[in-house]
Every structure is written in C-alpha cells, then in structure tokens.
Amino acid sequence: MSSKGHSNTTDTGKPYEQNDIQLKGILGFAIGLLGLIVVTFGLMWALINVLRDYRMEDDGPANPMIMSEKERLPPEPRLQTAPGFGVDSEAGRVNLELREPQSEYREMKKQWAELWEKGQKDAHSGAVTMLPIEEAEAKLLQQNVKAKSGPEAEEFYNKSRMYISDASSGRLASLRRR
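All the letters of the sequence shown, read from the start, carry residue numbers 1 to 178 under this note's numbering.
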C-alpha cells in the first residue's frame, strides 16, 4: 500500500479530526443567555409594579361575581353543626376554640338532652314551642282522642298505604304490600 492512498491522517498530519468548537462560542452563548434572563426578570418586575399600581388605583364598584359569605359555605347538610369555634346556647356562646374536636358534639348533645327533658319556650312570647315527651303524652291523653273505627278507619288505612310508583309515572297510585 502506498502512503498517499487511503490513510487515516488529515492534511495536518494528525491521526484525528480537529475540534471546531471553541471557547469563544460557548462564552458568547452563555453571556447572551444571561442577558436574556436579566431582561426577562426586569420586564416581569416592571409588569408586577404596573399591576400593583393599577390595583391600588381601582376604587370602582366591586366585582359582581364575588360570592358572599353565605354563598361560600358548602351545601347542606353541613357536618359542622356549630359555625365557627363555638356553640350558641340560652346561657350565651360556649367558646370551643381551644378544645378537642368532639367538644362541639358533646355540647350540642347536652343542649338537645336538656330540650328533650325540659322542653322549650319562646324567649319573646313565652309560648311553649316544645314539650317533654312525658308531658306531651299526658296532654294527648287528656284530650280524649278516639281512634277511628268502622268503614272510615278502613278507608283511611287504605289511603295511607297508597303510593305513586315510578312505573306509573305518577298517573296511578298503587297499593303498598304488607
């Protein structure tokens, strides 16, 4: 084989290809990228200041789409029976702010048990709005209420067993099975 034939050397006589990437190109790219980052941050800072000034100047009417406090609440039924960190009672507000989570339930249960035993009267008129069970039973028995009997009792019983089914689309009332 001749030396001028198929040789792996280049014209310079080195057995590898010369690297064309130079430090000048890398530094130019890095400096350009850094400049672009600085300009972008400067523009964003200016935009934030303009928006902040715009917000301070805007004393116009409130946005009509803003929800009220009541609208922000989740739909009923809510799991928390006492809003906030307390329970309102006849004796005043019971603060539950620094107590365990179950304290709200315990306080409400105590108030309900008191209503069950003692009943409730309207604060303004003094009229009884809720009677204890024993008093309500005694009052009902004093009225001497008679149970219906005869054909009108049978008719009342049959009417109480009627219901509207999905199959009839509300057109006919069906008799409920026993």
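A virtual CB, placed ideally from N, CA and C, is assigned to each residue, including glycine.
What residue does the beta strand (DSSP E) around residue i start on, and which one ends it?
i: D88; result: G86 to S89
i: N95; result: G92 to N95
i: V128; result: V128 to M130
Can you give me the C-alpha to C-alpha distance between residue i and residue j, rounded to a whole angstrom?
i: A136; j: S165; result: 36 Å
i: L180; j: P77; result: Any answer about residue 180 is impossible in this case: the structure gives the chain only from 1 up to 178.
i: K70; j: N63; result: 17 Å
i: I31; j: S68; result: 52 Å
i: K121; j: L131; result: 9 Å
i: G25; j: G35; result: 15 Å
i: I48; j: F41; result: 11 Å
i: P101; j: L115; result: 23 Å
i: S169; j: K118; result: 46 Å
Rounded C-beta distance between residue i and residue j? I'm assuming under 8 Å.
i: F156; j: K148; result: 6 Å
i: A173; j: M162; result: 4 Å
Could you spell out where the alpha helix (DSSP H) holding residue i opens and where it closes?
i: Y157; result: P151 to S160
i: N49; result: L23 to E57
The stretch 89 to 96 in contact with the stretch 104 to 117 per 3-pair CB rule at 8 Å: yes
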